[in-house]
Amino acid sequence: MTLIQNKVNTVFIPVKDVYKAKEWYSKNLGKEGEIIHGHLCILDMEGTGVVLDEMPAWRNEVGEFIPFSAPYVQFTTSDIHASYLYLKENGVELVTGIEHGHYFVFKDLDGNMLMVCQ
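Have a look at this one:
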């Protein structure tokens, strides 16, 4: 028997400013969040949780963190074309077009690459 369960509980996304990130994610993904401990924002998600984190313990010697340079997080949608158009109209940096008819990659305001998939 293993003590670690076969389930992803929460994904952490590094952000420079948790207040700005909360506003950005709320606007672009429709996910409200609660800021706790001054550096974490817990988004109101179904299933696996998402926490925006300023990562104070994980920054380098000059206080910076390295954003995700590959899409580590995938959000779901029931309409890939409407989702793509919505983010494009909101000025979100789109990294790819809609690939293979079912996913695209975009960047958040801190440069983290994220994916949306239908």
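First residue of the sequence shown? That's 240 in the numbering used here, and the numbers climb one at a time after it.
The beta-carbon is built from N, C-alpha and C at its ideal position, and this holds for glycine as well.
Just so it is clear, the structure is predicted and the values come from calculations on it, not from any experiment.
Once DSSP output is grouped into helix, strand and coil, what is the label at residue i?
i: V254; result: coil
i: E262; result: helix
i: K246; result: coil
i: L348; result: coil
i: E285; result: coil
Could you please give the first and the last residue of the uninterrupted beta strand (DSSP E) stretch that includes residue i?
i: I281; result: L279 to L282
i: L291; result: G288 to D292
i: E300; result: Here E300 belongs to no beta strand (DSSP E), and DSSP marks it neither H nor E.
i: G269; result: First-last for G269: undefined, no H or E at that position.
Do residue i and residue j have their CB atoms nearer than 8 angstroms?
i: V355; j: F304; result: no
i: V289; j: L282; result: yes
i: T287; j: N248; result: yes
i: F345; j: L324; result: no
*At least three beta-carbon pairs within less than 8 angstroms, the stretch 333-351 to the stretch 304-317*: Taking one beta carbon from each stretch, the stretch 333-351 and the stretch 304-317 have 3 or more pairs nearer than 8 angstroms; the two touch.
_For the stretch 287-306 against the stretch 250-266, do three or more pairs of beta-carbon atoms, one drawn from each stretch, fall closer than 8 angstroms, so that the two count as touching?_
With a cut-off of 8 angstroms, the stretch 250-266 and the stretch 287-306 count as touching, because enough Cβ pairs lie within range.
*Secondary structure, beta strand (DSSP E): runs of 3+ residues fully inside the stretch 302-337*: For the stretch 302-337, whole beta strand (DSSP E) runs of length 3 or above, ordered along the chain, are 312-315.
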